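A.B. asks: Sharing a structure here in structure tokens format.
Chains as they are written, first to last, in my numbering: chain A, 1 to 291; chain B, 1 to 803; chain C, 1 to 158.
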């Protein structure tokens, strides 16, 4: 199918991008890799009047080590994220989850920032953003602001980005030593969206779980932070027969999962519990060396 | 697993012929020739219909009904006409006088209700996706834009989507005549006696979900005219049938209509159709006098390429206490969708003779009711009726085994037709000419490691492992090689089942074969070359195969129903025989011998008992020159043959599947898959293996992934490949395949056909495995596709929470 | 209209295009490079896969304007000097295609995969081709072909 007409702008600096977007009207959209947007346009499910292509804006692409956090430029492709030694070393959960996004060709075009800005609760990265307390940096004519992930995902495909704001980069806090990570994705075929996904980080010491982070994919109109699990897991014994299963029982707490072709809400809730347990076990088993 | 693939007959044959440019010699038939077709396909020099660009060509886009059932109350195309690049806009009213009705060639009973089926809806729409208007514009972008400016008002009518509801009193009617299209009954033996006081009666209901065939190439049509003659390129499996049908539908005389199927990107039955878009493209080009092209998008195709399967099967089986089958009774509801298309009502009938499978029984009773609903019509999809039947009988055989308490393979052995009993006339009256179920099964069991897997299964059961193992068996047969014309006639089909071939010998001794089959991935150019090379003793490379154009190949019945080799291939053989007979006359004349003394082998005519000989190429040149031919001999070696088979062919095989089922999530994973098929003699083992692989994959996809889902308003929810899940390489295992060879006795090549075998066999093998894994949990069925959620819910409702 | 310059299979083109023009339509309808087919609307099937600056992308989900200044390789450009690419050869040898509609995308995705992993396991090939759908082959022979090509490429370019 074929998209409807739109105007097209390709700014080369962020300042120019912000200006162009501001002048392009309310129905303008930011285009990065286009792998969330273009299918919608082709199916004529969206009719933006203009696309502001930030794909070649200088400074938005790449990964850098910023001391206590890693900064991932908004237009860094999934493929670049997965290959980044900085990401692999300091935020392996991001690499693990990103490697499950779609397929290799899509990962060559799709961008880290685009996936978050799209705010699809079925996407793999929003749950990771929540679990890791990422901070999203945005620019607008009014200047810069930083939005914590916890306040970024407002509703289905709706983020805290105001009209005229462009996501420029994402800060991923380094969690420090002792953490292990896992992204457990359950889907019907390799290409299918996650029926449910669980992003888990576990910090343990001497066989005791000290802290966990859990983000859930496709368990509501936004990604969900499983705070009940996080609380229940604190202090339990790690391992197969420890208290993680019990903690994972809380995974569906406060979720409102969707009903769609692939699953009904009660099944998604059940999956969340089972998969959270598996994710926590895997995360604790794959603990990174105390770097 | 890859290593395992390198075992067996197939791999051995492939290895033996692994050298591409191996010198000719010995038999071409049976050789793993690499395909002639590949060169253009791997380099992108293809001729897909959408590739065609003609001077002045316009593009057509169709507006489709968003309503499952409604009256069209107002159509306003005026705004659309003013859009950039728009040449014309038409609605159903514009075509009402000339569009006719899309044909149904298979009225299965004398009183079958065949509703009018206008290619473009005029007053009423009956499914979401039905064409209601179209734009003709200078390019595809302009056409797509203008669609949005067409205004159509609908008065909604209540739709009916479920077959049982459609048959209930007071249901909304899809057509005035009611929702029952036909009821067809077939019986053999005394079914009441078979069930009377039968020690074991199994009764099950199975749902054959609706499938979307999903050939990779979306449909496309290019129509053009010089004002008198018309040419239609279409991504179709059936250029010949299409030409006749389009002539009858549009009134364009058959001799002024040329239909071409260029490279066609898969079909699986979905392009065995006469479509609204083909008819309308012709009408548009007739109106405008310009060439037009229409190419569907995938989401348009999911809505409007005919769907497959969609049956509700009630099957009852009566058996003795030791598991010997006494009788099988089948009551089928088959969802026709909103209209009857080319062979819609015939599809379940192709299964009617197959619910007995490979088994002996005393009685059989089959009833099928075709039901209209407000959905896309169904029609042939790979296997067409036979996968549905095979599924039901193979599932029920497992149920019988469980009921009696014996191994499911043992129950099959007790009931199947023994090798020594062939030819065997089944309860359905079909004569299975050959078969060796024992040999295929023994080979499959050995490759699979059946006993070891059973041991692992009981171990997992004992340990209450959350991941359980199941083993699924499918010992299938199918009737294919469609079809003896007399049989088709007796089933009220509107045409015959013969196939045609012309063999032309060119002056230099090269050979052109014109076949009436219409390949779209099956490799006929290669396989027919092998057949001709052997028959005429010419090099494989010296044969060209022409097909898919009614101007060059005027006569044919096209490709479907695993018929091409078993019917079309035989026509090629017969034509070659005639060529050789003519050449013998010339050879005898030139060598001054009696034709009776001239023998032919390996491309050379020899006078028996002398050293004198002439090659077929020399004969070809002499015939061309025509200087010295027998008196009255027409200077041509060319010959034609039309072959009408006397019987169907009956491939069979044993497929074994091991599935791991995660009882916590309901997820399933195929651990191993073994297929041993017997498709008779094999012309090209490489092609045969490929057909089996692809067939297995499609059957697995029905078992695990695919379903066309409509909501209660009749909207299709699976319009894209993001929603209708097709398996990728990452979702399927490797398959271990092997063959036994029990030649068909019904044709001179001893071949049976292989296009549908894998699909027919694999679906029940997979579901049997899943049910087998969960039987200790009280599970005796999982509805297809066996999604994780369905497996999980079945466990909860029937098996209680897993341990 | 936007002005773009693109190099496709070694030939430089400059064109004015509508911003909404999909790269695949640009290739097929404007340049006549019909070797690259279209199979879906949603980036699922991968039939339209080409290499954009050397990496695989689905050309149905890239705007022609986004390819401005880039180098595009389609199936028509992977042979060199009339010699098929080892992946093309292996697809032929292993009977890794039937109808052939997915084949251009499969071959380009495979070339990209082998660039990354010159000796992929069966599993790696299956995962690496998850974005390319084939309806005919059941994938077994595609997997074999990619591994065969890998072997050949390792031999020829040590």
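Glycine included, each C-beta is placed from N, C-alpha and C at the ideal position.
Computed from a predicted structure; not experimentally measured.
Counting contacts by CB-CB distance shorter than 8 Å, is residue 118 (chain A) in contact with chain C?
C.D. replies: Taking Cβ atoms only, chain C never reaches closer than 8 Å to residue 118 (chain A), which makes this a no.
A.B. asks: Kindly indicate if chain C contains any beta-carbon less than 8 Å away from that of residue 266 (chain A).
C.D. replies: Chain C, which has no Cβ nearer than 8 Å to the Cβ of residue 266 (chain A), makes this no.
A.B. asks: Based on the DSSP secondary-structure assignment, which residues constitute the bridge partners of residue 474 (chain B)?
C.D. replies: Answer by DSSP bridge pairing, in chain order: B:655.
A.B. asks: Which residues of chain B have a Cβ atom closer than 9 Å to the Cβ of residue 186 (chain A), listed in chain order?
C.D. replies: What residue 186 (chain A) touches in chain B: 665, 667, 788.
A.B. asks: Any beta carbon from chain B within less than 8 Å of residue 6 (chain C)'s own beta carbon?
C.D. replies: Taking Cβ atoms only, chain B never reaches closer than 8 Å to residue 6 (chain C), which makes this a no.
A.B. asks: Roughly how many angstroms lie between the CA atoms of residue 534 (chain B) and residue 28 (chain B), to the nearest whole one?
C.D. replies: About 6 Å.
A.B. asks: With DSSP as the reference, label residue 768 (chain B) as helix, strand or coil.
C.D. replies: DSSP places residue 768 (chain B) in helix when its eight states are reduced to three.
A.B. asks: Would you mind sorting residue 23 (chain B) into buried or exposed? The rule is 16 or more other CB atoms within 10 Å of its CB.
C.D. replies: Low confidence applies to residue 23 (chain B): its pLDDT is 43, below 50, so where it sits in the model is not reliable enough to give any reading.
A.B. asks: What do you reckon, are the CB atoms on residue 149 (chain A) and residue 125 (chain A) nearer than 8 Å?
C.D. replies: The answer is no: Cβ separation not under 8 Å.
A.B. asks: How many Å lie between residue 679 (chain B) and residue 447 (chain B) at the Cα?
C.D. replies: Rounded to whole angstroms, residue 679 (chain B) to residue 447 (chain B) spans 18 Å at the Cα level.
A.B. asks: What alpha helix (DSSP H) runs, 4 residues minimum, are completely inside the region 78–111 of chain A?
C.D. replies: Counting only runs of 4 or more, we get 78–83, 85–90, 92–98, 104–109.
A.B. asks: Spell out a yes or no on whether the region 660–667 of chain B and the region 783–801 of chain B are touching, meaning 3 or more CB-CB pairs, one atom from each, closer than 8 Å.
C.D. replies: Touching, yes.
A.B. asks: Beta-carbon of residue 11 (chain A) versus every beta-carbon of chain C: anything under 8 Å?
C.D. replies: Not an interface residue.
A.B. asks: Use the C-beta contact count for residue 277 (chain A): other C-beta atoms within 10 angstroms, 16 or more gives buried, fewer gives exposed.
C.D. replies: Buried, since its Cβ has 16 or more Cβ neighbours within 10 Å.
A.B. asks: Of the residues that make up the region 187–206 of chain A, which ones have a beta carbon closer than 8 Å to any beta carbon in chain B?
C.D. replies: Residues passing the 8 Å Cβ filter: 188, 189, 190, 191, 192, 193, 195.
A.B. asks: Using only the alpha-carbon positions, how far apart do residue 65 (chain B) and residue 40 (chain C) sit?
C.D. replies: The straight-line gap from Cα to Cα measures roughly 21 Å.
A.B. asks: Tell me residue 90 (chain B)'s beta-bridge partners as DSSP assigns them.
C.D. replies: According to DSSP, residue 90 (chain B) bridges with B:134.
A.B. asks: Below 7 Å between beta carbons is the criterion; list the residues of the region 291–322 of chain B that meet it against any residue of chain C, in chain order.
C.D. replies: Cβ contacts with chain C come from 297, 298, 299.
A.B. asks: With residue 673 (chain B) as the anchor, note down where its alpha helix (DSSP H) starts and where it stops.
C.D. replies: Careful: residue 673 (chain B) lies outside any alpha helix (DSSP H), inside the beta strand (DSSP E) at 668–678.
A.B. asks: Does the distance from the CB of residue 155 (chain A) to the CB of residue 36 (chain A) come in under 8 Å?
C.D. replies: Not closer than 8 Å, so no.
A.B. asks: What does the Cβ neighbour count give for residue 163 (chain A), buried or exposed, with the cut at 16 atoms within 10 Å?
C.D. replies: The residue in question, residue 163 (chain A), is exposed, as its Cβ has fewer than 16 Cβ neighbours within 10 Å.
A.B. asks: Along the chain, which unbroken stretches of the beta strand (DSSP E) at least 3 residues long are found entirely within the region 253–301 of chain B?
C.D. replies: Runs found: 257–260, 292–295.
A.B. asks: Could you check if residue 452 (chain B) is buried or exposed, using at least 16 other CB atoms within 10 Å of its CB as the buried criterion?
C.D. replies: Exposed, by the Cβ-count rule.
A.B. asks: Along the region 686–698 of chain B, where does the CB come closer than 9 Å to a CB of chain C? Name the residues.
C.D. replies: Under the 9 Å Cβ criterion, the region 686–698 of chain B contributes 686, 687, 689, 690, 691, 692, 693, 694, 695, 696, 697, 698.
A.B. asks: Using the beta-carbon count (16 or more within 10 Å), is residue 707 (chain B) buried or exposed?
C.D. replies: Buried, by the Cβ-count rule.
A.B. asks: What is the DSSP secondary structure of residue 576 (chain B), reduced to helix, strand or coil?
C.D. replies: Of the three classes helix, strand and coil, the one that applies to residue 576 (chain B) here is helix, per DSSP.
A.B. asks: Quick check on the DSSP output: the beta strand (DSSP E) that includes residue 737 (chain B) runs from which residue to which?
C.D. replies: 736–739 is the span of the beta strand (DSSP E), which, as asked, contains residue 737 (chain B).
A.B. asks: Which same chain residues end up closer than 6 Å to residue 90 (chain A) when comparing Cβ atoms and leaving out the 5 residues on each side of it in sequence?
C.D. replies: Excluding residues within five positions, the ones whose Cβ falls inside 6 Å are 70, 174.
A.B. asks: For the beta strand (DSSP E) holding residue 209 (chain B), just list the boundary residues, first then last.
C.D. replies: 200–211 is the extent of the beta strand (DSSP E) around residue 209 (chain B).
A.B. asks: Does any CB atom of chain B fall closer than 8 Å to the CB of residue 83 (chain C)?
C.D. replies: No, its Cβ sits nowhere closer than 8 Å to a Cβ of chain B.
A.B. asks: List the endpoints of the continuous beta strand (DSSP E) containing residue 421 (chain B).
C.D. replies: Run containing residue 421 (chain B): none; DSSP gives neither H nor E here.
A.B. asks: Could you have a look at residue 27 (chain C) and say whether DSSP puts it in helix, strand or coil?
C.D. replies: The answer is helix: DSSP assigns residue 27 (chain C) an H, G or I state.
A.B. asks: Compare the beta carbon distance of residue 34 (chain C) and residue 50 (chain C) with 8 Å and say whether it is the shorter of the two.
C.D. replies: No, the pair does not count as a contact, with Cβ atoms beyond the cut-off.
A.B. asks: Of all the CB atoms in chain C, is at least one closer than 8 Å to the CB of residue 22 (chain B)?
C.D. replies: Any reading at residue 22 (chain B) needs caution, since the residue's pLDDT is 49, under 50, leaving its predicted position unreliable; the model's value is listed next. By this cut-off, residue 22 (chain B) is not an interface position.
A.B. asks: Apply the 10 Å Cβ neighbour rule to residue 177 (chain A) and answer buried if 16 or more other Cβ atoms are within range, or exposed otherwise.
C.D. replies: Answer is exposed; the Cβ neighbour count stays below 16.
A.B. asks: What do you get for residue 635 (chain B), buried or exposed, if any count of 16 or more other CB atoms within 10 angstroms of its CB means buried?
C.D. replies: Burial call: exposed.
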